[in-house]
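Have a look at the structure below, then the notes.
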C-alpha cells in the first residue's frame, strides 16, 4: 500500500475506504471492468472534470488497482489497465450493484448478465469456510489483539 494513502486503522474496510471511498474511484473501476482504458473514455463516460479524473487515476495506480501502459509514443499516451487487485475487486462492485438494485432500484437500471447464458446474475456473498450466505449467521469483528 502507498505510504501517502496508508490508513493506520486495523479494519480492512477502513483501509480500503481510505483510498476507494469516493464515488469517482468506484465508477472508474466499474468502467475499467466494462473495458474502458483511456483517459478520454473515462471522462466521457463519467462526465468527470479532468483534474479530478487525473487525481483518481493516479491514486488507483499508486494503490495497485490499475497500471499504466503506453499505447502511443507520438504523442505519448497511456492507458489504464486493471491489475490483479483491480480484477479481484469485481465481486465487490457487483455486490454494491445488487444492493443498489434492491434498495435504490427505482426506474430502469443497468442489469449485469452472464455472457455465456445471457441471464441476469443474482450475486450472493458466501463464506468459503462454512458455505453459509453472508448475512444469515451472526458475525464478529475481531481486533488484532483478539478482542
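In the UniProt record's numbering, the protein residues as written are 1 to 147.
The beta-carbon is built from N, C-alpha and C at its ideal position, and this holds for glycine as well.
- Around the C-beta of residue 109, fewer than 16 other C-beta atoms lie within 10 Å, and the residue is accordingly described as exposed.
- Going by C-alpha positions, residue 49 is about 7 Å away from residue 43.
- Three or more Cβ pairs drawn from the region 78-98 and the region 25-42 lie within less than 8 Å of each other, which places the two stretches in contact.
- A straight-line Cα-Cα distance of about 12 Å links residue 137 and residue 125.
- Residue 67 and residue 80 have their C-alpha atoms spaced approximately 5 Å apart.
- Look at the beta carbons and you see the region 53-69 touching the region 19-31: at least three pairs across the two are nearer than 8 Å.
- About 6 Å separates the beta carbons of residue 143 and residue 10, which is inside the 8 Å limit, making them a contact pair.
- A Cβ-Cβ distance of about 6 Å is found for the pair residue 60 and residue 25, placing them in contact under the 8 Å criterion.
- For the pair residue 141 and residue 18, the Cα-to-Cα distance works out to about 19 Å.
- A distance below 8 Å between beta-carbons, with the five flanking residues on each side excluded, links residue 57 to the following residues of its chain, in chain order: 28, 39, 42, 66 and 80.
- A Cβ-Cβ distance of about 6 Å is found for the pair residue 114 and residue 121, placing them in contact under the 8 Å criterion.
- Per DSSP, the continuous beta strand (DSSP E) segment holding residue 69 begins and ends at 66-73.
- Per DSSP, residue 53 has no beta bridge partner at all.
- For residue 30, the enclosing alpha helix (DSSP H) stretches over residues 23-33.
- Note that the C-beta distance between residue 123 and residue 107 is not below 9 Å.
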